[in-house]
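Structure first, commentary second.
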């Protein structure tokens, strides 16, 4: 091959059209360039090595060269780049290639999915054909004389005398099969009716059994819950007594923190609630035959006691018990101090010096300690025992008047224990330097609507129902358990400062 021909072929390859291969000159010349650029035409004397280097000009740039040779190579490469025109690669070519590759992959995946689907269809058809073949074999084994053989088949329009008995036997057997099928269908229908009747009977019996079982379970769970609460309250009371004894041994002045007092008062409330629930949760209110003393106690709780909702009866029972305990909390000197006798002079002296403030409380603390450490302690214990039995008798009589329930001996013992706890709490409050007050809220007139006090009251009934209707304002109905307030600081000074240690439990209503 001659050099001229070789150069012409190279020229043709270099003249391959590229999009955006050359750039338009910035000049405004209107002449059209018909000849290719000089750099695109290879001269006849161009060597093969030079041409190869021009085609791969970046290989020399990436290949490291030592020393001076690398500098000459970089210079020659820059000159060649200046001589060659800038080649612009189409920016959308790679994106198009990527899209084609993705389309090819998607087509392959779709083809593979179609192949799997065809394979499933082929397997299903094979199973169907096998089933048909098995069914045919069963029919042929059951009725071999009805299946015509291939070499005895006749044209459909040809009727012979030999086919007549065969057709008759086939018709009779078809009728017998139809009769058998009808009998089987009838039997299946009867069985379905029997199953439906049995299901209906089971459904009618199961709800009653479930209800009876659920009621029994509910009663047992309720009893266990009350027993657990009672045991928990007893354990807590033992813990409080232990803490009280430890506090009494470690503190010479018998001063107790506010948290301990609030805890004891709250414990008393829970014992009152537990006693009411254990003995009167199944009773109903009956105000038909109420004696005068019980009527007075009911009106002290709520003037219109007969209008109280039956859902609040347990709260009303607790209020009746708390109202019976209040005479203990109203004692200002010492619980059990007699009204007559030699010790009655102490009670007569108290109101005269009550206005002395902290000095009066210090005198009261000293007097109580002196009485507890002297022979007068026996007199105080006898008077306290009389007071407890009198209050317990009044409370039992009031509950019997509205519920007609006679309390068992265990309930009476629990009631006496509650009263003794109240006496201990009141004695503890009287021994403190600070001023404490237990208040049982009342609305004797019932002419003015008493608003609910968030600071000193806590509701025990849910007047919001299911929560669908938002109650904007609550009103006081009756008090369930009194609140415990503290006036002043630890030394009985600054009595204008008030602190609520335990909120009163009250029953609310809306108007």
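In this note's numbering, the protein residues as written are 117 to 627. All C-beta atoms in this analysis are idealised placements derived from N, C-alpha and C, irrespective of residue type, glycine included. Keep in mind it's a predicted model, so treat the numbers as computed, not measured.
If you keep only unbroken alpha helix (DSSP H) runs of at least 4 residues inside the region 304 to 346, you get nothing at all. The DSSP-derived three-state label of residue 489 is coil. Residue pairing from DSSP leaves residue 210 without any beta-bridge partner. Between residue 414 and residue 421, the beta carbon gap of about 4 Å places them in contact (Cβ cut-off 8 Å). Just measuring C-alpha positions, the residue of 553, 598, 245 sitting nearest residue 574 is 598. Contact annotation, residue 551 with residue 604: C-beta distance approximately 6 Å; criterion of less than 8 Å satisfied.
Annotation for residue 356: 379, 380, 383 place their beta carbon closer than 7 Å to its own, counting only its chain and skipping 5 residues before and after. With distances taken between CA atoms, residue 544 lies nearest to 372 out of 372, 526, 231, 308.
The beta carbons of residue 609 and residue 474 sit about 6 Å from each other, so the pair counts as a contact at 8 Å. Residue 399 and residue 457 have their C-alpha atoms roughly 44 Å apart. Under the DSSP definition of a beta bridge, residue 551 partners with 603. Annotation for residue 574: the continuous beta strand (DSSP E) segment containing it runs 573 to 575. Counting the other Cβ atoms within 10 Å of the Cβ of residue 593 gives 16 or more, which makes it buried. In the DSSP annotation of this structure, the continuous segment of the beta strand (DSSP E) that includes residue 625 starts and ends at 620 to 625.
Take residue 435, set aside five residues on each side of it, and the residues of its chain with a beta-carbon closer than 7 Å to its own are 417, 594, 595, 596, in chain order. In the DSSP assignment, residue 521 falls outside any beta strand (DSSP E), carrying neither H nor E.
Residue 483 has its alpha-carbon roughly 21 Å from the corresponding atom of residue 443.
Around the beta-carbon of residue 297, fewer than 16 other beta-carbon atoms lie within 10 Å, marking it exposed. The closest CA to that of residue 446, considering only 538, 508, 602, is found on 538. Residue 229 is classed as exposed because its beta carbon has fewer than 16 other beta carbons within 10 Å across all chains shown.
Around residue 402, the same chain offers 518, 519, 520 as residues with beta carbons nearer than 8 Å, after the five sequence neighbours per side are excluded.
For residue 488 against residue 452, the beta-carbon gap comes to about 11 Å, at or over 8 Å, which does not count as contact. At the C-beta level, residue 385 and residue 558 stay beyond 9 Å of one another.
DSSP, reduced to helix, strand and coil, places residue 397 outside both helices and strands of the structure shown, so it counts as coil.
Residue 306 is classed as exposed because its beta carbon has fewer than 16 other beta carbons within 10 Å across all chains shown. In this structure, residue 374 places its C-beta atom within 9 Å of the C-beta atom of residue 617. The beta carbon of residue 510 is closer than 7 Å to those of 440 in its chain, skipping five residues each way along the sequence. Setting aside the 5 residues that flank it on each side, residue 209 has no residue in the same chain whose C-beta is closer than 6 Å to its C-beta.
Of the residues assessed, residue 328 falls on the exposed side of the cut-off, its CB having fewer than 16 other CB atoms within 10 angstroms. By the Cβ neighbour-count rule, residue 502 is exposed, with fewer than 16 other Cβ atoms within 10 Å of its own. With contacts defined by Cβ atoms closer than 9 Å, residue 394 and residue 525 do not form a contacting pair. Partner residues in a beta bridge of residue 450, as assigned by DSSP, do not exist. In the three-state scheme derived from DSSP, where H, G and I count as helix and E and B as strand, residue 615 is classed as strand.
DSSP links residue 597 through a beta bridge to 621. Under the three-state reduction of DSSP, residue 530 is assigned to helix.
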